[in-house]
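Enquirer:
Chains as they are written, first to last, in my numbering: chain A, 66 to 513; chain B, 66 to 513.
1. How many Å lie between residue 431 of chain B and residue 305 of chain B at the Cα?
2. Out of B:77, B:69, B:68, which one is the CA nearest neighbour of residue 318 of chain B?
3. For residue 371 of chain A versus residue 151 of chain B, is the C-beta spacing smaller than 9 Å?
4. Would you check if there are 3 or more beta carbon pairs closer than 8 Å linking the stretch 401 to 413 of chain B to the stretch 360 to 371 of chain B?
5. At which residues does the beta strand (DSSP E) containing residue 331 of chain B begin and terminate?
6. Beta-carbon within less than 8 Å of residue 104 of chain A's beta-carbon, same chain only, minus the 5 sequence neighbours each way: which residues are those?
7. In angstroms with no decimal places, state the Cα-to-Cα distance between residue 457 of chain A and residue 324 of chain A.
8. Pull the bridge partners of residue 453 of chain A from the DSSP assignment, please.
9. Between B:135, B:136, B:149, which has its C-alpha nearest residue 352 of chain B's C-alpha?
10. Give a yes or no on contact between the stretch 164 to 182 of chain A and the stretch 113 to 124 of chain A, applying the rule of three or more CB pairs nearer than 8 Å.
11. Between the beta-carbon of residue 378 of chain B and the beta-carbon of residue 356 of chain A, is there less than 9 Å?
12. Could you list which residues in chain A have their beta carbon closer than 8 Å to that of residue 385 of chain B, in chain order?
13. Please tell me whether residue 493 of chain B has its Cβ less than 9 Å away from any Cβ of chain A.
14. According to DSSP, simplified to helix, strand and coil, what is residue 366 of chain B?
15. Note down, in chain order, every chain A residue with its Cβ under 7 Å from the Cβ of residue 203 of chain B.
16. Applying a beta-carbon distance threshold of less than 7 Å, which residues of chain A neighbour residue 479 of chain B?
17. Would you kindly work out how many angstroms separate the C-alpha atoms of residue 217 of chain A and residue 124 of chain A, rounded to a whole number?
18. Does any residue of chain B bring its CB to less than 9 Å from the CB of residue 105 of chain A?
19. With DSSP collapsed to three states, give me the class of residue 239 of chain B.
20. What does DSSP give as the partner residues of residue 161 of chain A in its beta bridges?
21. Taking all protein chains shown into account, decide if residue 512 of chain B is buried (16 or more other Cβ within 10 angstroms of its Cβ) or exposed.
22. For residue 507 of chain A, decide whether its Cβ has a neighbour in chain B, counting only Cβ atoms nearer than 9 Å.
23. For residue 183 of chain A, which residues in the same chain have their Cβ closer than 8 Å to its Cβ, ignoring the five residues on either side in sequence?
24. Going along the chain, which residues of its own chain have a beta-carbon closer than 7 Å to the beta-carbon of residue 191 of chain B, five neighbours each way excluded?
25. Determine the DSSP secondary structure at residue 141 of chain A, reduced to helix, strand or coil.
26. To which residues does DSSP link residue 388 of chain A through a beta bridge?
27. Using C-beta distances below 6 Å, list every residue in its chain close to residue 247 of chain B, excluding the 5 sequence neighbours before and after it, in chain order.
28. Could you tell me whether the Cβ atoms of residue 489 of chain B and residue 500 of chain B are closer together than 9 Å?
29. Are any of the Cβ atoms in chain B nearer than 9 Å to that of residue 374 of chain A?
30. Do residue 329 of chain B and residue 506 of chain A have their beta-carbon atoms positioned less than 9 Å apart in this structure?
31. Locate the beta strand (DSSP E) running through residue 262 of chain A, then write down its first and last residues.
32. Ends of the beta strand (DSSP E) at residue 535 of chain B?
33. Rank A:387, A:82, A:100 by C-alpha distance to the C-alpha of residue 436 of chain A and give the top, closest one.
34. With 8 Å as the C-beta to C-beta threshold (strictly closer), list the residues of the stretch 270 to 302 of chain B near chain A in chain order.
35. Please return the same chain residues whose Cβ sits closer than 6 Å to the Cβ of residue 202 of chain A, not counting the five positions on each side in sequence.
36. Who are the Cβ neighbours of residue 297 of chain A in its own chain at under 7 Å, not counting the five residues just before and after it?
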């Protein structure tokens, strides 16, 4: 069967022997069983595995209806969330539309993301963008108590009440939170906000295809049915544990082998700037799933050819600690034909009449060979087309690859205990009630 | 003497012993001598070292005059360049203004960057942004033959001629190129474009304080005199080779020690989103200067607290291959006071009345201690204020630290031979005249 998305491993050939991938089949089998029989660590967080089939169809319809309403009555849609409640929606929107979406959009609202830092400048800028615009807010938080989004929500709710009044504010706040419990759910019920669910069995970094991601994505005018259909196709494609027929699992194997061979950093590369935020989504997915117990590949990213003129020297000839994973988009939907210059000042007339995508592809081919020659292997993921269906397929590809890869690595891919450590310190230093004991000890360390 | 910018090494204390830094003094002395007596490798590219004193004052005046003219007659200023002809101007503008500069700017033109990728989408979007706007173009290329900017320049010159005619096009193109030679210089002379110089003795990644960076920075309304004055102050501050009195050199030492101790990745961290592109500038500076001969730290970056919710787990508890370099901005010029919520739904009323910057600082303190406890050391660079003067100081700090660090590492920090490898392959695959011999062999490798 022809797969919509393929993994090309030929550019790791000089670095990994063919039998090495085959040798991981038993580990893959074990990981596959743990995942599908829900017997592995983190098995309470496997809702994403069958989500493309089992998702709440009624909620999805409501998301589309609400998105239409927002498109009609809103100029600026502010999405409040951090981590998994931020990256998925932004990555999908920027990939399917553009990193310049807010400069270019015409028939859909501007979509901006708030509550993902503690920067006064960032928050003040969001408030400045509100001036003179019809604003709606989507606050996304399972508990409602995460510091960054909670502060932003305070500010933006205030802004709405002051500018449109309490009644209209209620119609302009959309809440994505726990289905039944939590302070945000309580508030939403009391105020009558339209609410959507963060499922219990899906962690933040796996939540892009739930209401967490889908509402902002739909507001930006992207095709959420296409996303879900692509993910459903991937769910079927990657059901076979035999790595000969499962590129998703082969990707999980190859990256583990490269790590065991001393490649500490996986550099995700794309030749299209619209992929940049997808790399950020992927970094959270893999970094948070695998970076634990002193283990894991460090996920980094670059856009080529842009960064061939900055990081290219290192990749070609620096410390041999990297491998690349290139995501190649076939048809981006854009065409640009290189013009002829009668004077040929730049000496590029040999390219006149050629589409820019042709040059971009030759840049990839030239780069992947040069990097192999320099000692940097590449995995290549080929995506035939930039559209919602293929992106949904790809999202599921990475999610499942991450789960299998984490089990092969020997970690629980579904927890993130280390994320709490800085928060505990921060709360103590901020004087949060209940953290008094730690405070003095921390302050002493800071002032020594 | 009180230094405007300080390096705080206390959070590497558990990882590096005090005598280790002192032990590098002889290597620092040697590097300092090589640099200042111009006896080291790459000594033909040391123009940046005394640039803050020796820069062309007349050209700088002209830049300010021209920038005022552009501000008056231009809505969209398109900067064509790649690598060092792109990152510096964008990084400075986004740091001093905002990553959202183009959404927020009112009295100055939008500034967009073209010719830094081979993406048809990216180029088409620039052309779409031109519609209905008064456009000027600054093309930055030493030779005029670099593929990416040359293609973009063809497209935008065409666009200008078609929309405003040949005569007005000549007034709307600004060229930054070699002072005397090269095809772009020839074209500029024939057409009568206003031109600025790329100095012979300053490589791309060290060129932000030449016309390469200064013209776009001035058009965006930033204070280029402040930048130069800050750099001049840094030039004086970091003239003493004694590492007890030279934080710039101590930074160079500390990162070399951490590398030798097995930390392969330096993660530049900031708590302000406006720093994001400065990290990209820093990545090119250090990655391209040190990533050679199989050596060098891999430069990566993150924005906190944003990425504490994505990469935080890895940094806290994943493979112990990282150290952090945090750039802390004291006064960003923005204030936001956290409001009170009578219901205290999110439990954050203990923060009511506090400025957000206070919380951000406690997030830093909590994080740096948590990461040290988890096994990730941090260097901390403290910048009292976000303004042009301090940024100029900081740019010079990093440039000189990079030179010293590269000499300590044992490389030529001023060349980039590896950048040519992919280009040679690409030209051969594109059928560029003169590359016929390589083409067949490369195609065979791709198709095997």
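Backbone N, C-alpha and C fix where the C-beta goes; we use that ideal spot for every residue, glycine too.
Expert: For this structure:
1. Working through the second chain from its first residue, we reach residue 431 of chain B at position 366. Working through the second chain from its first residue, we reach residue 305 of chain B at position 240. Computed Cα separation, rounded: 34 Å.
2. The count along the second chain starts at 1 and reaches residue 318 of chain B at position 253. Nearest option by C-alpha distance: B:77.
3. Locating residue 371 of chain A in the first chain gives position 306, counting from the first residue. Locating residue 151 of chain B in the second chain gives position 86, counting from the first residue. Their beta carbons are under 9 Å apart, which means residue 371 of chain A touches residue 151 of chain B by this criterion.
4. no
5. Within the second chain, the letter at position 266 stands for residue 331 of chain B. Run containing residue 331 of chain B: 330 to 335, per the beta strand (DSSP E) assignment.
6. Here the question's residue 104 of chain A lines up with position 39 in the first chain. Here the set comprises 98.
7. On the first chain, residue 457 of chain A is found 392 positions in, with the first residue counted as 1. On the first chain, residue 324 of chain A is found 259 positions in, with the first residue counted as 1. If I take the Cα positions, the gap works out to 27 Å.
8. On the first chain, residue 453 of chain A is found 388 positions in, with the first residue counted as 1. BP columns for residue 453 of chain A are empty, so no partner.
9. Position 287 of the second chain, counting from 1, holds the residue named residue 352 of chain B. The candidate whose alpha carbon is nearest that of residue 352 of chain B is B:149.
10. no
11. Position 313 of the second chain, counting from 1, holds the residue named residue 378 of chain B. Position 291 of the first chain, counting from 1, holds the residue named residue 356 of chain A. Against a cut-off of 9 Å, the Cβ pair of residue 356 of chain A and residue 378 of chain B comes out as a contact.
12. To locate residue 385 of chain B, count along the second chain from 1; it is residue 320. What residue 385 of chain B touches in chain A: 359.
13. For the purposes of this step, residue 493 of chain B is identified with residue 428 of the second chain, where counting begins at 1. Chain A, which has a Cβ nearer than 9 Å to the Cβ of residue 493 of chain B, makes this yes.
14. On the second chain, position 301 is the one that residue 366 of chain B refers to. In this structure, residue 366 of chain B counts as strand in the three-state DSSP scheme.
15. Taking the second chain and counting its residues from 1, the one referred to as residue 203 of chain B is at position 138. Those within 7 Å of residue 203 of chain B in chain A number zero; the least Cβ separation is about 16 Å.
16. Numbered from 1 along the second chain, position 414 holds the residue referred to as residue 479 of chain B. By Cβ distance, chain A contributes nothing, its closest Cβ being about 12 Å from residue 479 of chain B, past 7 Å.
17. Taking the first chain and counting its residues from 1, one reaches residue 217 of chain A at position 152. Taking the first chain and counting its residues from 1, one reaches residue 124 of chain A at position 59. Those two C-alpha atoms are separated by around 26 Å.
18. Counting from one through the first chain, the residue named residue 105 of chain A turns up at place 40. Not an interface residue.
19. Locating residue 239 of chain B in the second chain gives position 174, counting from the first residue. Strand, per DSSP.
20. Within the first chain, numbered from 1, the residue matching residue 161 of chain A stands at position 96. BP columns for residue 161 of chain A are empty, so no partner.
21. The residue labelled residue 512 of chain B in the question sits at position 447 within the second chain. Under this definition residue 512 of chain B is an exposed residue.
22. Here residue 507 of chain A is taken as the residue at index 442 of the first chain, counted from 1. At least one chain B Cβ lies under 9 Å of residue 507 of chain A.
23. For the purposes of this step, residue 183 of chain A is identified with residue 118 of the first chain, where counting begins at 1. The residues are 212, 213, 216.
24. Here residue 191 of chain B refers to the residue found at position 126 of the second chain. Excluding residues within five positions, the ones whose Cβ falls inside 7 Å are 143, 177, 179.
25. Counted from its first residue, the first chain places residue 141 of chain A at position 76. Correct three-state label for residue 141 of chain A: strand.
26. Within the first chain, the letter at position 323 stands for residue 388 of chain A. Answer is A:331, bridged to residue 388 of chain A.
27. The residue labelled residue 247 of chain B in the question sits at position 182 within the second chain. Hits under 6 Å: 208, 209.
28. As a first step, residue 489 of chain B must be located in the second chain, where it is residue number 424. As a first step, residue 500 of chain B must be located in the second chain, where it is residue number 435. The answer is yes: Cβ separation under 9 Å.
29. The sequence position of residue 374 of chain A within the first chain is 309, counting from 1. At least one chain B Cβ lies under 9 Å of residue 374 of chain A.
30. Taking the first chain and counting its residues from 1, one reaches residue 506 of chain A at position 441. Taking the second chain and counting its residues from 1, one reaches residue 329 of chain B at position 264. Going by C-beta atoms, residue 506 of chain A is not nearer than 9 Å to residue 329 of chain B.
31. Against the first chain, residue 262 of chain A aligns to sequence position 197. Unbroken beta strand (DSSP E) run through residue 262 of chain A: 259 to 263.
32. What the structure shows of chain B is the stretch from 66 to 513, and residue 535 of chain B is not part of that stretch, so it cannot be assessed.
33. Indexing the first chain from 1 puts residue 436 of chain A at position 371. Checking every option, the nearest Cα to that of residue 436 of chain A belongs to A:387.
34. 270
35. If you number the first chain from 1, residue 202 of chain A lands on position 137. Excluding sequence neighbours, residue 202 of chain A sits near 143, 221, 238.
36. Your numbering for residue 297 of chain A matches position 232 in the first chain. Cβ within range, chain order: 117, 118.
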